[in-house]
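Read top to bottom, the protein sequences are chains A and B. Residue numbering for the first sequence is 5 to 504, as defined by my numbering. Residue numbering for the second sequence is 63 to 179, as defined by my numbering. C-beta atoms are modelled at their ideal positions from N, C-alpha and C, and glycine is treated no differently.
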Amino acid sequence: MQTRRSFLKLGAGAAAAGALVPFATHASPSDIKWDEEHEIIIVGSGFAGLAAAVEAGKLGAKDVVVFEKLGVYGGNSTLNAGQACFANTDLQKKLGIEDSAELMVQDQLKSGRGYASEVLLRHSAELGPYIYQLTKDCGCIYRDHIINTGGTSATRSHQVVERSGSGFIRPMLKTARSYGVKTKIRHKFEGLITAKDGSVLGIKVRRGYHFGHEDSGELINVRALRGVLIATGGFGANVSFRQALDPNLGPEVGCTNARGATGDGLIAMLAEGAMPVHLSFIQSGPWASPDEGGFGYGAGFSLYNFPHSIAIDRSTGQRFMNETADRKTRADLEVQRRDKDGKPNPALLIAPKHEAQKDPSLENVLRYKVAWEFDSVEAIAKHFEVPLKPLKKQIEDWNTYVKAGEDPQFGKRMNMSTGIYLTPPFIVQRLWPKVHYCQGGIQINTKAEVIAAKTGKKIPGLYAAGEVSGGIHGVSRLGGCSTPECMAFGVTAARSMMKA
Amino acid sequence: MNKINLLLLLALTSCLTLSAHARDKRDYHDMVYDSGCKTCHDQGAKRFPSDQACLQCHDMSELAEQTKREGHDAKQNPHDSMHYGQEAPCMECHGEHTPKQAICMDCHNFDYPKFKH
Ligand SMILES: Cc1cc2nc3c(=O)[nH]c(=O)nc-3n(C[C@H](O)[C@H](O)[C@H](O)COP(=O)(O)OP(=O)(O)OC[C@H]3O[C@@H](n4cnc5c(N)ncnc54)[C@H](O)[C@@H]3O)c2cc1C
Numbered sequence: 005m006q007t008r009r010s011f012l013k014l015g016a017g018a019a020a021a022g023a024l025v026p027f028a029t030h031a032s033p034s035d036i037k038w039d040e041e042h043e044i045i046i047v048g049s050g051f052a053g054l055a056a057a058v059e060a061g062k063l064g065a066k067d068v069v070v071f072e073k074l075g076v077y078g079g080n081s082t083l084n085a086g087q088a089c090f091a092n093t094d095l096q097k098k099l100g101i102e103d104s105a106e107l108m109v110q111d112q113l114k115s116g117r118g119y120a121s122e123v124l125l126r127h128s129a130e131l132g133p134y135i136y137q138l139t140k141d142c143g144c145i146y147r148d149h150i151i152n153t154g155g156t157s158a159t160r161s162h163q164v165v166e167r168s169g170s171g172f173i174r175p176m177l178k179t180a181r182s183y184g185v186k187t188k189i190r191h192k193f194e195g196l197i198t199a200k201d202g203s204v205l206g207i208k209v210r211r212g213y214h215f216g217h218e219d220s221g222e223l224i225n226v227r228a229l230r231g232v233l234i235a236t237g238g239f240g241a242n243v244s245f246r247q248a249l250d251p252n253l254g255p256e257v258g259c260t261n262a263r264g265a266t267g268d269g270l271i272a273m274l275a276e277g278a279m280p281v282h283l284s285f286i287q288s289g290p291w292a293s294p295d296e297g298g299f300g301y302g303a304g305f306s307l308y309n310f311p312h313s314i315a316i317d318r319s320t321g322q323r324f325m326n327e328t329a330d331r332k333t334r335a336d337l338e339v340q341r342r343d344k345d346g347k348p349n350p351a352l353l354i355a356p357k358h359e360a361q362k363d364p365s366l367e368n369v370l371r372y373k374v375a376w377e378f379d380s381v382e383a384i385a386k387h388f389e390v391p392l393k394p395l396k397k398q399i400e401d402w403n404t405y406v407k408a409g410e411d412p413q414f415g416k417r418m419n420m421s422t423g424i425y426l427t428p429p430f431i432v433q434r435l436w437p438k439v440h441y442c443q444g445g446i447q448i449n450t451k452a453e454v455i456a457a458k459t460g461k462k463i464p465g466l467y468a469a470g471e472v473s474g475g476i477h478g479v480s481r482l483g484g485c486s487t488p489e490c491m492a493f494g495v496t497a498a499r500s501m502m503k504a
Numbered sequence: 063m064n065k066i067n068l069l070l071l072l073a074l075t076s077c078l079t080l081s082a083h084a085r086d087k088r089d090y091h092d093m094v095y096d097s098g099c100k101t102c103h104d105q106g107a108k109r110f111p112s113d114q115a116c117l118q119c120h121d122m123s124e125l126a127e128q129t130k131r132e133g134h135d136a137k138q139n140p141h142d143s144m145h146y147g148q149e150a151p152c153m154e155c156h157g158e159h160t161p162k163q164a165i166c167m168d169c170h171n172f173d174y175p176k177f178k179h
């Protein structure tokens with residue numbers, strides 16, 4: 005009897021709360037029954053959300069809450085490869101790499117193909133060394149090796165030793181909590197609560213939410229005293245949404261994102277009149293393998309090996325791209341590799357084992373059957389049904405390019421492959437792009453304030469940072485350049501809210 | 063109102079009796095079933111159990127110890143993983159009445175031979 009009665013009571017409570025909060029609520033604060041109140045509300049526990057939480061803590065915020073809809077923290081950020089491009093760090097100096105924020109901005113503008121935001125890129129590049137230090141202060145540990153991520157004119161991708169974004173997320177989560185930040189899983193943001201003038205007062209949250217069960221838990225109203233930061237990430241995992249924006253990105257193309265990357269924050273902000281930017285610019289990762297889910301281990305393997313390896317079309321036995329071109333260039337070319345019936349015929353990345361074994365990912369890709377070892381060109385040709393003669397010739401030609409330090413075929417930057425000849429035994433991984441990153445999102449300014457479509461001015465009380473914001477990278481984002489940007493704007497949002 | 067109450071009551075009772083027989087369950091949880099749905103469904107029968115429910119009997123650090131891996135696989139301990147440490151709630155990977163798979167499998171071809179779907 006006890007259970008039934010309390011169940012009925014709870015059920016009635018949930019229904020009443022629901023009735024008070026229809027989808028887009030425009031009200032005055034006194035009309036609303038607030039269930040909770042916080043100084044700063046952060047939605048999403050990835051890089052953007054946690055960088056904001058840490059910075060707010062540093063700045064003396066007393067009551068910060070991070071709401072995460074999933075049962076685990078970190079979103080895409082914890083699945084991330086742990087690479088972050090910073091220009092002008094002490095590690096670069098130690099390794100004799102000359103770089104600058106300006107050079108980083110120029111590289112990104114180029115890859116953005118005229119659509120990137122120079123001011124936002126500059127803002128984030130200039131905060132780079134600060135972010136690098138902030139993460140170290142949280143306890144993140146970087147490798148001594150800096151990685152070349154493609155499309156850059158200086159080697160600048162710093163990587164944490166875990167070689168995963170979890171190497172950032174877990175220390176940052178711990179640091180945020182040490183400042184008293186409250187972190188809550190299974191709390192799904194359902195929408196903004198705004199005043200009649202459009203300014204944001206708080207949010208609706210589904211407390212006790214279980215992913216995939218949209219009615220689970222109960223709705224509560226949470227009031228923000230200084231502001232709401234939406235840091236809910238991208239929408240790569242929302243197939244109908246992404247395919248509506250780019251018809252090429254149906255289910256045939258996989259996805260590297262976490263389950264929660266369904267665009268909730270973006271859709272709610274659009275509903276409140278935020279400015280959409282570049283929603284159709286959705287990036288696929290050219291280093292992904294069709295032989296495992298998500299990002300997996302293959303991506304790390306190919307990222308390490310692209311500079312000194314070749315990618316082969318199975319039907320011709322020849323190269324078809326500059327293996328270190330920017331992502332869009334490579335993904336577009338890879339997805340064109342088809343058999344005579346038009347079915348996907350993933351390209352082959354052929355790496356020399358003597359070099360591949362220097363990276364820890366080799367063991368993983370072999371063990372989990374994402375790549376295979378072959379003793380000869382003949383063995384590769386036989387296994388993957390590649391025409392032998394052209395393949396042999398291609399490998400011989402490639403080795404002459406390595407020797408000459410110049411790639412007449414595709415103009416690849418060859419300084420990373422000096423002395424690294426493609427000789428047996430070989431390691432071969434299949435390549436097929438996966439939806440990876442949403443360049444588009446809602447528009448923000450250099451204060452991480454969200455811009456209204458109607459007025460071009462900020463929506464008071466509303467901030468956004470990370471992948472949910474759009475227009476920063478333009479057509480194509482360079483590898484390793486999301487992490488620093490998500491964190492830079494998370495930090496910026498915290499600074500803005502602490503001034504509000 | 064009375065009618066609705068009665069309906070709910072009927073629905074709940076049938077759920078209570080059904081669960082002991084027809085529902086998918088794990089044999090080693092038999093004794094939990096004997097003490098009723100409420101034992102795990104601490105938030106009401108129609109709601110998911112809280113994330114603390116399983117921890118009434120299971121201890122996360124003990125589980126982490128039990129599933130500890132060595133050397134190369136050390137970071138693949140599902141109860142103490144590189145991505146989520148010991149924080150992943152049980153229900154992210156395990157279902158009592160519904161088959162599930164470990165969230166690691168979203169991205170990795172790991173082999174967990176003892177995992178029960
Ligand atoms: C596998 C992978 C590897 C990558 N590797 C790199 C790399 O090495 N370097 C690099 O620079 N970039 C990389 N990227 C890109 C980069 O990691 C992401 O762009 C970045 O992590 C986004 O951070 P974020 O904080 O904006 O969002 P996320 O980290 O995705 O966090 C958003 C969080 O919000 C939660 N959320 C969503 N909706 C709601 C809601 N309604 N209520 C409450 N919470 C909600 C999500 O569950 C999620 O936890 C990678 C991306 C992926 C997927």
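Applying the 10 Å Cβ sphere with the 16-neighbour rule, what's the burial state of residue 131 of chain B? That one is exposed.
Taking the beta carbon of residue 236 of chain A as the centre, do at least 16 other beta carbons fall within 10 Å, making it buried, or is it exposed? Only buried fits residue 236 of chain A, as 16 or more other CB atoms lie within 10 angstroms of its CB.
Listed in chain order, which residues of the segment 164-188 of chain A have Cβ atoms closer than 7 Å to some Cβ of chain B? Along the segment 164-188 of chain A, going in chain order, the ones with a CB nearer than 7 Å to a CB of chain B are 166, 168, 170, 174.
Got a sec? Which residues, its chain only, sit under 6 Å from residue 427 of chain A by beta carbon, not counting five neighbours each side? The residues are 356.
Other residues of its chain near residue 312 of chain A: CB distance less than 6 Å, five sequence neighbours each side excluded: Excluding positions up to five away in sequence, the list reads 359, 421, 424.
Would residue 115 of chain B and residue 76 of chain A qualify as a contact pair, given that the criterion is a beta-carbon distance under 8 Å? In this structure, residue 115 of chain B lies away from residue 76 of chain A, with their beta-carbon atoms at least 8 Å apart.
Taking 7 Å as the cut-off, does the CB of residue 73 of chain A come closer than this to any heavy atom belonging to ligand 1? Residue 73 of chain A: yes, Cβ under 7 Å from ligand 1.
Segment contact flag, the segment 300-308 of chain A with the segment 360-373 of chain A, C-beta cutoff 8 Å, min 3 pairs: Yes, the segment 300-308 of chain A touches the segment 360-373 of chain A.
Who are the near neighbours of residue 444 of chain A in its chain, counting only those whose CB is closer than 8 Å to its CB and skipping five residues on each side? Result list for residue 444 of chain A: 249, 280, 281, 282, 283, 284, 285, 286, 474, 475, in chain order.
Comparing the C-beta of residue 147 of chain B with each C-beta of chain A, is any distance below 8 Å? At least one chain A Cβ lies under 8 Å of residue 147 of chain B.
Inter-residue spacing [alpha-carbon to alpha-carbon] between residue 539 of chain A and residue 129 of chain A: In the structure displayed, chain A extends from 5 to 504; residue 539 of chain A sits before or after that span and is not available.
Just checking residue 265 of chain A against ligand 2 - is the residue's beta carbon closer than 7 Å to any of the ligand's heavy atoms? Judged by which ligands are present, ligand 2 is missing from the structure shown, whose ligands are ligand 1.
Using Cβ-Cβ distances below 8 Å, what residues of the segment 151-168 of chain B are close to chain A? The residues in question are 151, 153, 154, 165, 167, 168.
Taking all protein chains shown into account, do 16 or more other C-beta atoms lie within 10 angstroms of the C-beta of residue 90 of chain B, making it buried, or fewer, making it exposed? Residue 90 of chain B sits exposed, since fewer than 16 C-beta atoms from the chains shown fall within 10 Å of its C-beta.
First through last residue of the beta strand (DSSP E) which encompasses residue 442 of chain A: DSSP places residue 442 of chain A inside the beta strand (DSSP E), whose first and last residues are 438-442.
Show which residues of chain B have a CB atom less than 8 Å away from the CB atom of residue 159 of chain A. Those within 8 Å of residue 159 of chain A in chain B number zero; the least Cβ separation is about 26 Å.
Any heavy atom of ligand 1 closer than 7 Å to the beta-carbon of residue 196 of chain A? Checking the Cβ of residue 196 of chain A against ligand 1 gives no.
Determine the contact status of residue 147 of chain B and residue 263 of chain A, defining contact as a CB-CB distance below 8 Å. No. Outside cutoff.
Segments assigned alpha helix (DSSP H), at least 4 residues, entirely inside the segment 148-192 of chain A: With a minimum length of 4 residues, the continuous alpha helix (DSSP H) runs that stay inside the segment 148-192 of chain A are 170-182.
So the beta strand (DSSP E) residue 426 of chain A belongs to, where does it begin and stop? No beta strand (DSSP E) contains residue 426 of chain A, which DSSP labels as neither H nor E.
From this set, A/442, A/234, A/320, which residue's C-alpha is nearest residue 50 of chain A's C-alpha? The shortest CA-to-CA distance from residue 50 of chain A to any of A/442, A/234, A/320 is the one to A/234.
Are the C-beta atoms of residue 170 of chain B and some chain A residue less than 8 Å apart? Taking Cβ atoms only, chain A reaches closer than 8 Å to residue 170 of chain B, which makes this a yes.
Return the residues of the segment 65-99 of chain A that lie within a Cβ-Cβ distance of less than 9 Å from chain B, sorted by chain order. Those would be 74, 75, 76, 77, 78, 82, 83, in chain order.
Kindly examine ligand 1 and report whether one of its heavy atoms sits closer than 7 Å to the Cβ of residue 214 of chain A. It does not: the Cβ of residue 214 of chain A is nowhere closer than 7 Å to a heavy atom of ligand 1.
Find the nearest neighbour of residue 148 of chain A within the set A/113, A/161, A/114, A/334, judged by alpha-carbon distance. The shortest C-alpha separation from residue 148 of chain A is found at A/161.
At 7 Å on the CB atoms, spell out the chain B contacts of residue 288 of chain A, in chain order. Within chain B, no residue comes near residue 288 of chain A; the closest Cβ sits about 16 Å away, beyond 7 Å.
So, does the CB of residue 453 of chain A fall closer than 8 Å to a CB anywhere in chain B? No, because no Cβ of chain B sits closer than 8 Å to the Cβ of residue 453 of chain A.
Using a Cβ-Cβ cut-off of 8 Å, state whether residue 134 of chain B counts as contacting chain A. The Cβ of residue 134 of chain B sits closer than 8 Å to at least one Cβ of chain A.
If you measure beta-carbon to beta-carbon, which residues of the segment 100-112 of chain B are closer than 9 Å to chain A? Taken in chain order, the members of the segment 100-112 of chain B whose beta-carbon sits within less than 9 Å of a beta-carbon on chain A are 100, 103, 105, 106, 107, 108, 109, 110, 112.
Assuming residue 338 of chain A and residue 435 of chain A form a contact by the criterion Cβ under 8 Å, report the distance between their Cβ atoms to the nearest whole angstrom. The C-beta separation of residue 338 of chain A from residue 435 of chain A comes to about 6 Å, placing the pair in contact by the 8 Å criterion.
For residue 437 of chain A, I'd like the list of residues in its chain whose CB is within less than 7 Å of its CB, leaving aside the five on either flank, ordered along the chain. So the qualifying residues of the chain are 257, 288, 289, 290, 292, 335, 338, 339.
Going by DSSP in three states, residue 122 of chain A sits in which element: helix, strand or coil? DSSP, reduced to helix, strand and coil, places residue 122 of chain A within a helical segment of the structure shown.
List the whole-angstrom C-beta distance separating residue 216 of chain A from residue 207 of chain A, where the pair is believed to meet the contact cut-off of C-beta under 8 Å. Residue 216 of chain A to residue 207 of chain A, Cβ: 21 Å. No contact.
Classification of residue 34 of chain A by the beta-carbon crowding that lies within 10 angstroms, buried from 16 upward: Residue 34 of chain A is exposed by the Cβ-count criterion.
Go to residue 63 of chain A, then tell me how far its beta strand (DSSP E) extends in each direction, as first and last residue. Careful: residue 63 of chain A lies outside any beta strand (DSSP E) and carries neither H nor E.
With a threshold of 7 Å (Cβ to nearest heavy atom), would residue 192 of chain A be considered close to ligand 1? Yes, the beta carbon of residue 192 of chain A sits closer than 7 Å to at least one heavy atom of ligand 1.
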